[in-house]
Amino acid sequence: MTKYNEFTCPPREELLEQSKDFGNFAAVSSDYRLTRSLNIFGYRKFNSQYMPTGQKITIIDLNKKEVITPEDFKTGVINTKIKDTLNLLKDSLITLENLEITGRGTVSANGRLIPYVNFKADVKNVPFKSVEGTLGAYRSANISQKKKNKEAQQTTKVILSMRDCKKYNQQVTLDFIKAMKP
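Take 1 as the starting number for the sequence shown in UniProt numbering and just add one per residue.
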C-alpha cells in the first residue's frame, strides 16, 4: 500500500477517531467506505463511498469561510449561492450550468435537523451530460482544537453528493446523514 493510500484509507476505527471534527460516524453502515482527503484550498474533507453503487458523499469543513450556512437554506439565500458554492467545492474540472433546485427538505441526524436542497445541472462543455445531487449544511465544533487546549470553533460543514442523473440515489445520501451524529 502506498503512503497516500495509507493516509486516505486507514483502518475504520482510526478514521472514526480522527474525523470527530466532522461528527461521529460510528453508526454509519459498513456499506459506506470512509476515507479522508488532503487539505485543499484551506478546506478539510471527509469522504464516503456507498460501495454497492459507488455513489460518493463528501463533507467539507469550510473553516472560517462562510461560503454557505445552514441559515441560507431557511432564508432562501441558497437559491443565489448554490451555483457558486458547487463550482467552488467540486472535486473535478467540470463546471456546472443551468442549475435548478428540484427539491428542499430537512433530515434528522441524531435529533438535529440538517437542511438540504436537491439539484440538477448540466455539465458545461459535455453535450447531453447532466448531474443530480444533494447539498446540505450543518455547524459543529472542531473537537481537535479542544485537544490542543484551544477554544473549539463552530464551523460550517457542507454535505455534497452528486452523480450522473440516471445513477443518483438521494436515499443513499439521506441514510448516511441519518446515521451520523453531527
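Where a beta carbon is used, it is the ideal one built from N, C-alpha and C, also for glycine.
Please read all numbers here as calculations on a predicted model, not as lab measurements.
*Do you know how far the Cα of alanine 26 is from the Cα of leucine 16?*
7 angstroms
*leucine 34 to arginine 12, Cα distance in whole Å?*
7 angstroms
*Burial state of asparagine 118 (16 or more Cβ within 10 Å)*: buried
_Using only the alpha-carbon positions, how far apart do glutamate 14 and glycine 23 sit?_
14 angstroms
_phenylalanine 46 - containing beta strand (DSSP E), residue span_ = 44-50
*From which residue to which residue does the beta strand (DSSP E) around alanine 121 run?*
112-123
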